[in-house]
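With our numbering as the guide, the letters of the sequence shown map in order to residues 503 to 862. Following: one structure in structure tokens, then a few remarks.
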Amino acid sequence: MELKTPLHNAHIAAGGQMVNFAGWSMPIHYGSQIKEHTAVRETAGMFDVSHMTVVDIQGADAKAYLRFLLANDVAKLTQSGQALYGCMLNPTGGIIDDLITYFINPSFYRTVVNAATREQDLAWMQSKAESFDVKIVERDDLAMVAVQGPKARHIVSEILKGPELLEMKPFMSTPFGDWFVARTGYTGEDGFEILLPADQANEFWQALLAAGVVPCGLGARDSLRLEGGLNLYGQDMTTETTPLESNLAWTVALNTEERDFVGAQALLAQKTAGVPRQLVGLVLDKGAIPRTGSVVETPAGEGVITSGSFGPTIDRPIALARLPAGDFDEVTVIVRGRSLSAKVVKPPFVRQGEVKVTLS
503 MELKTPLHNA
513 HIAAGGQMVN
523 FAGWSMPIHY
533 GSQIKEHTAV
543 RETAGMFDVS
553 HMTVVDIQGA
563 DAKAYLRFLL
573 ANDVAKLTQS
583 GQALYGCMLN
593 PTGGIIDDLI
603 TYFINPSFYR
613 TVVNAATREQ
623 DLAWMQSKAE
633 SFDVKIVERD
643 DLAMVAVQGP
653 KARHIVSEIL
663 KGPELLEMKP
673 FMSTPFGDWF
683 VARTGYTGED
693 GFEILLPADQ
703 ANEFWQALLA
713 AGVVPCGLGA
723 RDSLRLEGGL
733 NLYGQDMTTE
743 TTPLESNLAW
753 TVALNTEERD
763 FVGAQALLAQ
773 KTAGVPRQLV
783 GLVLDKGAIP
793 RTGSVVETPA
803 GEGVITSGSF
813 GPTIDRPIAL
823 ARLPAGDFDE
833 VTVIVRGRSL
843 SAKVVKPPFV
853 RQGEVKVTLS
């Protein structure tokens, strides 16, 4: 049986086209993915992300536990509300999941992990907690709404009557009554991700609708995150890839003299030997869309498209691709038997409405 978020009926009422996503009934779009994508780039859009898994980690060893569990180092978090993005690895350095961790206080952290990896994540986190004084609690009593776009923060601050929210810095969070407001997102735009009691989600959703915020589905979420150069777990990174070959080396704190973490030795060995693969951006001419699994021919050997779509803002087919290590500017993508030239670029393609790559 499909799971339903607290906003399921609101999606139906708004004309949401529902699909199964990781066991959840979720809207893929509400009529026009392009309209939804454009709304987030130009004004404000909202996403029901209540299918994501919120996990609270509390106890005397919370910090020590997370320093062992994650490749990024939560010791960087010194101010209440700070957030940190990073990966949870297996012993070979493969990515079990990517997640955001919020620092509440030294004995209380909150994490948000992916819906599709919920069971394996919770099992892994529990197994690694055995020698630490921590309690791991899934917060399935909470809903989660992302409001994204250049007008998103202003609209939310007006609805919540919280002008102080406008002063919140990126990758910070704050309690707001029994709500939790974070200046984070997965679109390449500014905005908030808001955790709130499930029974209050519909009232907030309706207030956003009344303020002109456009409901957006999984389709726009994917095209936005791809233009933003943001990885999708299960495609751009998996247990078979490390952060070093997934354009995520910046999220790894290899300060092994200060701490050990799961996968650290594997990453050190890979770094010493030389990282064999790289995740890059590709821009193609109009005409064909590269899809996941398409072969990419390079001077250093074959690679593969991990995510591909049409980028509405950039007005070009774009992709993320895992290629052999090397320095080259152009490659060939095989799409339905056709050989198409593609330019190699450094993501993001778009950030806060601005095209960041050269199209010529």
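Glycine included, every Cβ here is placed at the ideal spot set by N, Cα and C. Note that the coordinates shown come from a computational prediction; the quantities given were computed from them, not determined experimentally.
Query raised in the report: Within this structure, are the beta carbons of P717 and H513 separated by less than 9 Å?
Result: The answer is yes: Cβ separation under 9 Å.
Report task. Could you check the C-alpha separation between I598 and T743 for me, to the nearest Å? Result -> Cα-Cα distance, rounded: 10 Å.
Query - Reference L786; option with closest CA among R761, G813, Q780 - result: Cα-wise, what sits closest to L786 is G813.
Query raised in the report: First and last residue of the alpha helix (DSSP H) that includes H539?
Result: First-last of the alpha helix (DSSP H) with H539: 535-544.
Query raised in the report: Quick one: what's Q560 bridged to in DSSP?
Result: Bridge partners of Q560: F610, K637.
Requested in this report: Let me know if V639 comes out buried or exposed under the rule of 16 or more other beta-carbons within 10 Å of its beta-carbon.
Outcome: The residue is exposed, with fewer than 16 neighbouring Cβ atoms inside 10 Å.
Query raised in the report: D575: which of Y587, A648, G583 sits nearest, CA to CA?
Result: Considering only alpha carbons, the answer is Y587.
Query raised in the report: What is the DSSP secondary structure of L711, reduced to helix, strand or coil?
Result: DSSP places L711 in helix when its eight states are reduced to three.
Query - Assumed close pair G561, D635 - CB separation to whole angstroms, cut-off 8 Å - result: Correct: roughly 5 Å between the Cβ atoms.
Query raised in the report: Where do the N-terminal and C-terminal ends of the alpha helix (DSSP H) with A625 fall, by residue?
Result: Start and end: 620-630.
**Report entry** Rounded C-alpha distance that separates F523 from A618
**Finding:** Cα to Cα, F523 sits roughly 8 Å from A618.
Query raised in the report: Nearest CA to the CA of D724: which residue from T758, G795, Q772, A821?
Result: For the residues T758, G795, Q772, A821, the minimum Cα distance to D724 belongs to A821.
**Report entry** Candidates V806, V847, G795, G651: closest to F549 by CA position
**Finding:** That would be G651, whose Cα lies nearest to the Cα of F549.
Query raised in the report: Hey, R818 and G690: beta-carbon distance below 9 Å or not?
Result: Not closer than 9 Å, so no.
Report task. Give the straight-line distance between the Cα atoms of H539 and G855, rounded to the nearest whole angstrom. Result -> Near 11 Å, if we compare the C-alpha coordinates of G855 and H539.
Query raised in the report: Is the region 764-772 touching the region 826-834, taking contact as three or more C-beta pairs under 8 Å?
Result: Result no; under three Cβ-Cβ pairs closer than 8 Å.
Report task. Using only alpha-carbon positions, find the residue among P826, L726, T741, A790 that is nearest to Q622. Result -> For Q622, the nearest C-alpha among the options comes from T741.
Query - Per DSSP, the bridge partner or partners of Q780 - result: According to DSSP, Q780 bridges with L825.
Query raised in the report: If you draw a straight line from the alpha carbon of D558 to that of A564, how long is it in whole angstroms?
Result: Distance between the alpha carbons of D558 and A564 is about 10 Å.
Requested in this report: Use the C-beta contact count for P508: other C-beta atoms within 10 angstroms, 16 or more gives buried, fewer gives exposed.
Outcome: By the beta-carbon neighbour count (other beta carbons within 10 angstroms, threshold 16), P508 is buried.
Query raised in the report: Is V847 closer than 9 Å to V798 when the C-beta atoms are compared?
Result: Taking 9 Å as the Cβ cut-off, V798 and V847 do not qualify as a contacting pair.
Query raised in the report: Going by alpha carbons, who is nearest to D643 out of S552, D829, E504?
Result: Minimum Cα distance to D643 is reached at S552.
Requested in this report: Give every residue of the same chain whose Cβ lies closer than 7 Å to the Cβ of G693, excluding the five residues on either side of it in the sequence, and list them in chain order.
Outcome: If we look at G693 and ignore the five residues flanking it on each side, its Cβ neighbours are A648, V649, Q650, G651, A654, R655, G687.
Query - Whole runs of the beta strand (DSSP E) within the region 792-856, excluding any shorter than 3 residues - result: As summarised for the region 792-856, the continuous beta strand (DSSP E) elements at least 3 residues long and confined to that stretch are 797-800, 803-813, 818-826, 832-837, 840-847, given in chain order.
Query raised in the report: Among A709, A645, G595, which residue has its Cα nearest to the Cα of V683?
Result: Here the closest residue by C-alpha is A645.
Query raised in the report: What residue does the beta strand (DSSP E) around Q650 start on, and which one ends it?
Result: For Q650, the enclosing beta strand (DSSP E) has its first and last residue at 644-650.
**Report entry** Separation of F678 from R727, as counted between CA atoms
**Finding:** Looking at the two C-alpha atoms, the distance is approximately 27 Å.
Requested in this report: Drop a sphere of 10 angstroms on the beta-carbon of P529, count the other beta-carbons inside from all chains shown, and report buried for 16 or more, exposed for fewer.
Outcome: Under this definition P529 is a buried residue.
Query raised in the report: With a CB to CB cut of under 7 Å and the five nearest residues on each side skipped, what residues in its chain are close to L496?
Result: Since the displayed the chain opens at 503 and closes at 862, residue 496 lies outside it and no answer follows.
Query raised in the report: Do L579 and M590 come within 9 Å of each other at the CB atom, strictly closer than that value?
Result: No, the Cβ-Cβ distance between M590 and L579 is not below 9 Å.
**Report entry** CA-to-CA distance, P826 to S843, given in whole angstroms
**Finding:** Each residue's alpha carbon lies about 17 Å from the other.
Query raised in the report: Just checking my contact of G518 with G719 at CB under 8 Å: how many whole Å lie between their CB atoms?
Result: About 6 Å separates the two Cβ atoms, so the contact holds.
Query raised in the report: Is the beta carbon of I807 less than 9 Å from the beta carbon of R793?
Result: The Cβ-Cβ distance between I807 and R793 falls below 9 Å.
Report task. Could you say which of E669, G525, H531 lies nearest to T555 if we only look at CA atoms? Result -> Distances from the CA of T555 to each of E669, G525, H531 were compared; the closest alpha carbon is that of G525.
Query raised in the report: Three-state secondary structure (DSSP) at G690?
Result: Of the three classes helix, strand and coil, the one that applies to G690 here is coil, per DSSP.
Report task. Taking only the alpha-carbon atoms, compute the straight-line gap between F763 and L571 and give it to the nearest angstrom. Result -> When rounded, the distance between both Cα atoms is 6 Å.
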